[in-house]
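Residue numbers (the numbering used here): 394 to 496.
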């Protein structure tokens with residue numbers, strides 16, 4: 394029998410309590426919280442997951458971008474490349490580059 398596992402991301406984007414939750418769902422009625430990723434100092438404005446599902450990009454209201462390793466449940470790198478809130482993030486197909494915009 395084929396077992397399906399779904400990965401869900403949810404966000405608590407409020408001030409100092411900004412967190413990203415990673416949840417695994419094995420069945421429709423059950424959820425298992427895998428981890429919470431904390432580290433942003435302002436509201437999280439955007440999340441993007443890589444095509445492989447291994448990496449996550451998050452951007453916040455201060456222009457900070459973080460790269461997360463979902464498998465290892467840790468932050469890999471932080472960039473401060475914009476002076477305003479991050480409005481969109483995208484991985485390249487090979488996951489070696491990222492594109493960010495800020496308005």
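Each residue gets a CB set at the ideal place from its N, CA and C atoms; glycine is no exception.
Roughly how many whole angstroms lie between the Cα atoms of residue 451 and residue 465?
Going by the C-alpha atoms only, they are around 16 Å apart.
Who are the near neighbours of residue 476 in its chain, counting only those whose CB is closer than 8 Å to its CB and skipping five residues on each side?
Leaving aside the five residues that flank residue 476 on each side, the residues in its chain whose CB is nearer than 8 Å to its CB run, in chain order, 456, 495.
In whole angstroms, what is the alpha-carbon distance linking residue 439 and residue 481?
Straight-line measurement puts the Cα of residue 481 at about 6 Å from the Cα of residue 439.
If the criterion is Cβ atoms closer than 7 Å, does the pair residue 463 and residue 449 meet it?
Yes, the Cβ-Cβ distance between residue 463 and residue 449 is below 7 Å.
Since residue 470 sits in a beta bridge, which residues does DSSP pair it with?
DSSP output for residue 470 lists 460 as bridge partner(s).
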